[in-house]
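>
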Amino acid sequence: MSGPTRKSLLGLGLTGFAALVLAGCQSSLPSHYDGAEKEVRNEVQMIRVAHMVKTGADGLEHAEKTELIRFLAEMDAGYGDSVTLVRGSAFPDAAAMDIGRVIRAHGLTLDMPAAEIGHKPTDDGAIVVLDRYIVTAPHCPGTSLNIAKNSANAASPQIGCANIINLGQMVASPRDLLTGNGNGDPSVEKAIQSIRTWREDVPVILKPGNVNRGGSGGGSGGQ
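Here it is as structure tokens:
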């Protein structure tokens, strides 16, 4: 066999060996999400707090109303919370109306139907139930994929982690992450008005002045 032929075979052998080595190195890197890694998402949980209410013949007594107001203030009740009233069989309508006025004063409404709870109120009593959803952000980014050794350019299974965390911190009602918000159809008029405003209004450009005055950097600053 001639010299060039032996060199060609030797080159092909080295090329094949290098390809096998690279294949062995890359086989341990996931090229896509295969379900083995934990999915990155916001965890949404509901907490339920109850407040016992007693009543008089003509509605809530002053002390009971004060306790209810204190309960809502301590819970910082507001948008996103769901409040229901579990009534006893003899709980008067006048007292229920008083409770409704206190709830509305906090920007809430009494939802229907009443929450299902294990404890039943007395015949002349009631239970104010407050449901709240809370968000727990994921712990990411993780180290399931070593970017420094990612010669296969595989996508991280935790890509988009920052967006997910921001969404959990920005959402006004965490319950929307579970059920969505279907309050009405999209407003075409509002969308058109937003586009028209963006196109036609003169943009406001803020120019920083005297940015270097009093600082350690050089330059004339606001001169």
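Counting from 523, one number per residue, gives the positions in the sequence shown under the working numbering. The beta carbon of each residue, even a glycine, is placed where N, CA and C say it ideally should be.
Can you have a look at GLY690 and say buried or exposed, based on whether 16 or more other CB atoms are within 10 angstroms of its CB?
It is buried - the Cβ of GLY690 has at least 16 other Cβ atoms within 10 Å.
> Please classify LEU590 as buried or exposed, where buried requires at least 16 neighbouring CB atoms within 10 angstroms.
So LEU590 counts as buried.
> Any idea what DSSP makes of VAL571, helix, strand or coil?
If DSSP states are grouped into helix, strand and coil, VAL571 belongs with the strands.
> Just verifying my parser: in three-state terms, what is the DSSP assignment at SER695?
SER695 falls in the coil class under three-state DSSP.
> Sort out for me which residues DSSP pairs GLU565 with in a bridge.
Paired residue(s): THR658.
> Work out the CA separation of ARG721 and PHE613 for me, nearest whole Å.
If you take the alpha carbons of PHE613 and ARG721, they lie about 58 angstroms apart.
> Strictly by DSSP, which residues pair up with LEU607?
Paired residues: VAL650.
> For the putative contact between HIS628 and ALA599, defined by C-beta atoms under 8 angstroms, what is the C-beta separation to the nearest angstrom?
Yes, HIS628 and ALA599 are in contact; Cβ-Cβ is about 5 angstroms, under 8 angstroms.
> Do you know whose CA, among VAL562, LEU594, VAL566 and ASP603, lies nearest ILE621's CA?
Of the listed residues, the one whose Cα sits closest to ILE621 is LEU594.
> Go to LYS712, then tell me how far its alpha helix (DSSP H) extends in each direction, as first and last residue.
From DSSP, the alpha helix (DSSP H) with LYS712 extends over 710 to 722.
> Less than 6 angstroms between C-beta atoms, sequence neighbours within five positions excluded: which residues of the same chain meet that for THR658?
Correct list, in chain order: GLU565.
> Within 10 angstroms of its Cβ, does ALA617 collect 16 or more other Cβ (buried), or is it exposed?
It counts as buried.
> Thinking C-alpha only, which one of ASN703, ALA694, GLU583 and THR644 is nearest VAL762?
With the chain covering only 523 through 745, there is no way to say anything about residue 762.
> Using DSSP bridges, identify the partner residues of LEU632.
LEU632 pairs with VAL605.
> Which one of ILE649, ASP633 and ILE717 has the shortest CA to CA distance from VAL605?
Out of ILE649, ASP633 and ILE717, ASP633 has the C-alpha closest to the C-alpha of VAL605.
> Starting from ALA612, trace the alpha helix (DSSP H) in both directions and tell me its first and last residue.
It is not in any alpha helix (DSSP H) - ALA612 carries neither H nor E in the DSSP assignment.
> Buried or exposed, going by whether 16 or more other CB atoms sit within 10 Å of the CB of PRO635?
Result: exposed.
> Taking buried to mean at least 16 other C-beta atoms within 10 Å of its own C-beta, is GLU711 buried or exposed?
With fewer than 16 other Cβ atoms within 10 Å, it is exposed.
> Cβ atoms of ALA648 and LEU607: under 9 angstroms apart, would you say?
Against a cut-off of 9 angstroms, the Cβ pair of ALA648 and LEU607 comes out as a contact.
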